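Numbering (the working numbering), first residue to last: 817 to 986.
To start, the structure itself, in structure tokens.
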């Protein structure tokens, strides 16, 4: 994997909310993914990059379901609230990234074939370089995760492991 310019790189932490992380996921557990995401967040910050938390709110509800808060330890330099699967639609994310000179996105979180894939597809279409660490992403179904990493993500992103992404930041 080629070296990343941390000042032009943002880590997106997708839907690391208690009610989502605690679901049955595969091939990795929610807690396993959170640990990888926290390691990446530390590395990105230490290198001078941006950490963005993305969480979903169900539109039209006065109160969100229990467990809608980010899990303990997940803190962003920028927080994006979305009402759809992807992090870009009507959220201001693209503008916020462009304003900061960000052109590379490391996308992580839950679930592979929902919020992560939708965000990665839009990021690619918008011209961002996309990095997807396989061990910092999981799905509700192992087959869906494997399909995305075998057939979708290699066409729109650099697929790697967390350790490779951390190394590329230095």
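We put the beta carbon where it would ideally sit given N, CA and C, even for glycine.
As the structure is a computational prediction, the values presented were derived from the model and not from experiment.
> Does the distance from the CB of residue 902 to the CB of residue 934 come in under 8 Å?
Replying inline: Mapped onto the chain shown, residue 902 falls at position 86. Mapped onto the chain shown, residue 934 falls at position 118. Yes, the pair counts as a contact, with Cβ atoms nearer than the cut-off.
> Any heavy atom of the ligand SAM closer than 7 Å to the Cβ of residue 845?
Replying inline: Although the ligand SAM was asked about, the structure shown includes no ligands whatsoever.
> Just the Cα atoms here: how many angstroms apart are residue 854 and residue 970?
Replying inline: Numbered from 1 along the chain shown, position 38 holds the residue referred to as residue 854. Numbered from 1 along the chain shown, position 154 holds the residue referred to as residue 970. Rounded to the nearest whole angstrom, the C-alpha separation of residue 854 and residue 970 is 24 Å.
>> Taking the alpha-carbon of residue 823 as reference, which of 968, 954, 913, 909 has the nearest alpha-carbon?
In response: Stepping through the chain shown from its first residue, residue 823 is reached at position 7. Taking each of 968, 954, 913, 909 in turn and checking the Cα distance to residue 823, the smallest one comes out for 913.
>> Using CA atoms only, rank isn't needed, just tell me which of 860, 888, 864, 910 is closest to residue 835.
In response: If you number the chain shown from 1, residue 835 lands on position 19. When the alpha-carbon of residue 835 is set against those of 860, 888, 864, 910, the nearest one is in 888.
> Roughly how many angstroms lie between the CA atoms of residue 920 and residue 957, to the nearest whole one?
Replying inline: Counting from 1 along the chain shown, the entry for residue 920 is found at position 104. Counting from 1 along the chain shown, the entry for residue 957 is found at position 141. If I take the Cα positions, the gap works out to 28 Å.
> Between residue 911 and residue 905, what straight-line distance do the alpha-carbon atoms span, to the nearest angstrom?
Replying inline: Walking along the chain shown from the start, residue 911 turns up at place 95. Walking along the chain shown from the start, residue 905 turns up at place 89. Approximately 11 Å, taken between the alpha carbons.
> In the structure shown, what three-state DSSP assignment does residue 898 receive?
Replying inline: Taking the first residue of the chain shown as position 1, residue 898 is located at position 82. Strand at residue 898.
> Hey, is the region 843-857 in contact with the region 943-953, meaning 3+ C-beta pairs nearer than 8 Å?
Replying inline: Look at the beta carbons and you see the region 843-857 touching the region 943-953: at least three pairs across the two are nearer than 8 Å.
> Hey, quick one: how far does the beta strand (DSSP E) through residue 974 stretch, first residue to last?
Replying inline: Counting from one through the chain shown, the residue named residue 974 turns up at place 158. Going by DSSP, residue 974 is part of the beta strand (DSSP E) stretching over 974-976.
> So residue 871 is in the beta strand (DSSP E); what residue range does that whole segment cover?
Replying inline: Numbered from 1 along the chain shown, position 55 holds the residue referred to as residue 871. Counting along the chain, the beta strand (DSSP E) containing residue 871 begins and ends at 866-872.
>> Taking a contact to mean a Cβ-Cβ separation below 8 Å, would you say residue 985 touches residue 923 in this structure?
In response: Working through the chain shown from its first residue, we reach residue 985 at position 169. Working through the chain shown from its first residue, we reach residue 923 at position 107. Cβ distance not < 8 Å, so residue 985 and residue 923 don't count as in contact.
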